[in-house]
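Visitor: Okay, here's the structure, questions in a sec.
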Amino acid sequence: MVKNALEPAWESRFEGSSYGFRTGRNTHDAIEKIYNFARPNTRKQVVVDADIKGAFDNIGQEFILKTLGDVPGKALIKQWLKAGYLEDGRYHDTPTGTPQGGVISPLLLNVALHGMEAALGVRHDSQGISIGKRAVVRYADDFVVFCESQQDALVVRDQILPDWLAKRGLSLSVEKTRIVQLTEGFDFLSFNVRRYPHPRTSRSGYKLCIKPSKKAVLDLVAKLRDAWLALRGHSVKAVLWKLNPIIRGWANYHRRVVSSRTFNKLDAWMFRRAARYAKHSHPEKSWQWRCQRYWGQWNKERQDNWVFGDKHSGKYLLKFSWFKIERHQLVRGTSSPDDPDLRDYWWERQKVNAKHLSAGDIDMANDQGWVCRLCGMDLINGEELHRHHTIPRARNGSDARSNRELVHLSCHQQETKRQLGEAKESRPADELQDECSE
Numbered sequence: 000m001v002k003n004a005l006e007p008a009w010e011s012r013f014e015g016s017s018y019g020f021r022t023g024r025n026t027h028d029a030i031e032k033i034y035n036f037a038r039p040n041t042r043k044q045v046v047v048d049a050d051i052k053g054a055f056d057n058i059g060q061e062f063i064l065k066t067l068g069d070v071p072g073k074a075l076i077k078q079w080l081k082a083g084y085l086e087d088g089r090y091h092d093t094p095t096g097t098p099q100g101g102v103i104s105p106l107l108l109n110v111a112l113h114g115m116e117a118a119l120g121v122r123h124d125s126q127g128i129s130i131g132k133r134a135v136v137r138y139a140d141d142f143v144v145f146c147e148s149q150q151d152a153l154v155v156r157d158q159i160l161p162d163w164l165a166k167r168g169l170s171l172s173v174e175k176t177r178i179v180q181l182t183e184g185f186d187f188l189s190f191n192v193r194r195y196p197h198p199r200t201s202r203s204g205y206k207l208c209i210k211p212s213k214k215a216v217l218d219l220v221a222k223l224r225d226a227w228l229a230l231r232g233h234s235v236k237a238v239l240w241k242l243n244p245i246i247r248g249w250a251n252y253h254r255r256v257v258s259s260r261t262f263n264k265l266d267a268w269m270f271r272r273a274a275r276y277a278k279h280s281h282p283e284k285s286w287q288w289r290c291q292r293y294w295g296q297w298n299k300e301r302q303d304n305w306v307f308g309d310k311h312s313g314k315y316l317l318k319f320s321w322f323k324i325e326r327h328q329l330v331r332g333t334s335s336p337d338d339p340d341l342r343d344y345w346w347e348r349q350k351v352n353a354k355h356l357s358a359g360d361i362d363m364a365n366d367q368g369w370v371c372r373l374c375g376m377d378l379i380n381g382e383e384l385h386r387h388h389t390i391p392r393a394r395n396g397s398d399a400r401s402n403r404e405l406v407h408l409s410c411h412q413q414e415t416k417r418q419l420g421e422a423k424e425s426r427p428a429d430e431l432q433d434e435c436s437e
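Numbering follows numbering that gives the first Met the number 0, in which position 332 of the sequence shown is assigned residue number 331; successive positions increment by one, without gaps.
Okay, here's the thing in structure tokens:
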């Protein structure tokens, strides 16, 4: 409640370069903004890749309270900040930092780091376009500063940022903060940003390429390898149930950048893992037999005979390369979803972000006014959506359209738990007695 009371007022003040933990903004907005600053035809060629040392743990509490001013809930916020924590049965004070995992902590961090543009001397024209010698893109406590020269980057790293952060009880991580040329590249939010030489196809001689970072790919491969190994001896249905959500989530997140080559390599790696699974399941069978058993044109929308799946159910393993690259539409300037004058603008953005929904889901969303009935919030807020039966199937609820609606994943889980609780309470006492005796 305190967060919901504070957020709209601060959203109207926050800088357009801030994208982390803000309604209507996400990591893809930050990457798209970086793309605009890092293009080869721009003058900002040096980047301060900054990292704040333990931002959530070290941020000054008194600075936060002073910045908030006299607002409703301030006394509660102070109590939360000073509450301390228990570890191994011992109480520890929290003289600095915000509550770990607290709902309001990301907002408090954004409040404390507000004003970074002014400190760096970032300037904009009447249309919100950066016209100064510096530019910044921040996602929570991760940020990069674009400069026109090495000397200016040194001033930013060694003078401006340390002094500005010190007032907030923070400091830069010496080991992780570095100055790089765009031709060297840097990682940001699991993406790699780098200019590559292209003298024949570009006037500037370079092309900007943003793609999944090497670390992100290796982390995914490790996760998939562990999943494949854990699934040895399990049915194909179990394999598909476990792996498809991982593939879908990672591909949807990284399809906004240049990922085609990465997706193809991951598909080739997945094919080899699937072949190992088939061989382990049927070591005495021939390769031809295993191919007929597990591979085929299961996806009828594609002329691909090498789709791994279950021939009995017709379900199949997704491929990364099926997720075509789509550019993300950058959020406009300092636009806030709480601004009533921008209602139409945010409505159009909602419809764009609903491309992944099926035609039936879009019809349901339209009938609901694009609002989750269970929580009353917008359906498209970055959270996974589930189809919910108003009358549960366990209570003979039908699968008809009139009995289904789209809800958020967390809302669906809470509602299901509530319905199960009501079902237990409503069961006859003699039935419960018989069950207990069994």
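For every residue, glycine included, the Cβ atom is placed at its ideal position computed from N, Cα and C.
The structure presented is a predicted model; accordingly, all values stated were derived computationally and were not measured.
For residue 161, which of 125, 199, 130, 112 has the nearest alpha-carbon?
Guide: Measuring from the Cα of residue 161, the nearest candidate turns out to be 112.
Visitor: Between which residues of its own chain and residue 419 is the CB-CB distance below 8 angstroms, once the five residues before and five after are set aside?
Guide: Counting only Cβ-Cβ distances below 8 angstroms, and skipping sequence neighbours, we find nothing.
Visitor: Just to check my reading of the structure: residue 370 and residue 179 have Cβ atoms closer than 8 angstroms, yes? What is that Cβ distance to the nearest angstrom?
Guide: Not confirmed; about 44 angstroms, so no contact.
Visitor: Taking the CB atoms as reference points, tell me whether residue 199 and residue 182 lie closer together than 7 angstroms.
Guide: Contact: no.
Visitor: From the DSSP output, in three-state form, read off residue 159 for me.
Guide: Residue state, collapsed to three classes: helix.
Visitor: For residue 110, which of 67, 86, 76, 359 has the nearest alpha-carbon?
Guide: The option with the nearest alpha carbon to residue 110 is 67.
Visitor: Given a cut-off of 7 angstroms, decide if residue 138 and residue 37 are closer than it, judged by their beta-carbon atoms.
Guide: Result no, Cβ atoms of residue 37 and residue 138 do not sit closer than 7 angstroms.
Visitor: What number of angstroms, rounded off, separates the C-alpha of residue 266 from the C-alpha of residue 260?
Guide: C-alpha separation (whole angstroms): 10 angstroms.
Visitor: Please confirm whether residue 171 and residue 49 have their CB atoms less than 7 angstroms apart.
Guide: Yes, the pair counts as a contact, with Cβ atoms nearer than the cut-off.
Visitor: Does the separation of the CB atoms of residue 231 and residue 59 fall below 7 angstroms?
Guide: Going by C-beta atoms, residue 231 is not nearer than 7 angstroms to residue 59.
Visitor: Apply the 10 Å Cβ neighbour rule to residue 75 and answer buried if 16 or more other Cβ atoms are within range, or exposed otherwise.
Guide: Exposed, by the Cβ-count rule.
Visitor: Of all Cβ atoms in chain C, is any one closer than 7 angstroms to the Cβ of residue 136?
Guide: This model lacks chain C altogether, as it is built from one protein chain only.
Visitor: Using CA coordinates, which residue listed in 51, 79, 53, 56 is at the minimum distance from residue 64?
Guide: Residue 79 is the option with its Cα nearest to residue 64.
Visitor: Out of curiosity, what's the CA-to-CA distance linking residue 439 and residue 289?
Guide: Only positions 0 to 437 of the chain appear in this structure, which leaves residue 439 out of reach.
Visitor: Looking at residue 410: is its Cβ nearer than 7 angstroms to the Cβ of residue 378?
Guide: Going by C-beta atoms, residue 410 is not nearer than 7 angstroms to residue 378.
Visitor: Specify the secondary structure class of residue 256 as computed by DSSP and reduced to three states.
Guide: Coil at residue 256, not helix or strand.
Visitor: Closest by CA to residue 512, which one among 415, 206, 97, 249?
Guide: Absent from the model: residue 512. The displayed extent of the chain is 0 to 437, so no value can be given.
Visitor: Alpha carbon to alpha carbon, how far is residue 71 from residue 321? Give it in angstroms, no decimals.
Guide: Approximately 50 angstroms, taken between the alpha carbons.
Visitor: Considering just the uninterrupted stretch of the beta strand (DSSP E) at residue 211, what are its terminal residues?
Guide: Residues 205-211.
Visitor: How many angstroms separate the CA atom of residue 215 from the CA atom of residue 241?
Guide: So the alpha carbons of these two residues sit roughly 19 angstroms apart.
Visitor: Considering only the alpha carbon of each residue, which of 314, 53, 318, 252 lies closest to residue 189?
Guide: Selected option, being the one with the closest Cα: 252.
Visitor: Using C-beta distances below 8 angstroms, list every residue in its chain close to residue 408, excluding the 5 sequence neighbours before and after it, in chain order.
Guide: Contacts found: 382, 383, 384, 385.
Visitor: Would you report the Cα separation of residue 338 and residue 13, rounded to the nearest angstrom?
Guide: If I take the Cα positions, the gap works out to 13 angstroms.
Visitor: I think residue 43 touches residue 136, with their Cβ atoms under 8 angstroms apart; what is that distance to the nearest whole Å?
Guide: Not a contact, Cβ separation roughly 11 angstroms.
Visitor: What did DSSP end up calling residue 348 once you bin it into helix, strand or coil?
Guide: Three-state result, residue 348: helix.
Visitor: Which parts of the region 98-152 are runs of the beta strand (DSSP E), unbroken and 3 residues or longer, counting only runs that do not cross its ends?
Guide: Runs of the beta strand (DSSP E) inside the region 98-152: 134-138, 141-146.
Visitor: In the DSSP output, which residue or residues are listed as bridge partners for residue 86?
Guide: According to DSSP, which records beta bridges pairwise, residue 86 is partnered with 89.
Visitor: If we ignore side chains and look at the alpha-carbon of each, how far apart do residue 367 and residue 236 end up?
Guide: If I take the Cα positions, the gap works out to 33 angstroms.
Visitor: Measuring straight from C-alpha to C-alpha, what distance separates residue 262 and residue 319?
Guide: Residue 262 and residue 319: Cα-Cα distance of roughly 5 angstroms.
Visitor: Do residue 305 and residue 272 have their CB atoms nearer than 7 angstroms?
Guide: No.
Visitor: Name, in chain order, the residues that DSSP records as bridge partners for residue 49.
Guide: DSSP output for residue 49 lists 142 as bridge partner(s).
Visitor: Is DSSP giving residue 341 helix, strand or coil here?
Guide: Helix.
Visitor: Quick one: give me the first and last residue of the beta strand (DSSP E) that residue 185 is part of.
Guide: Residues 185-187.
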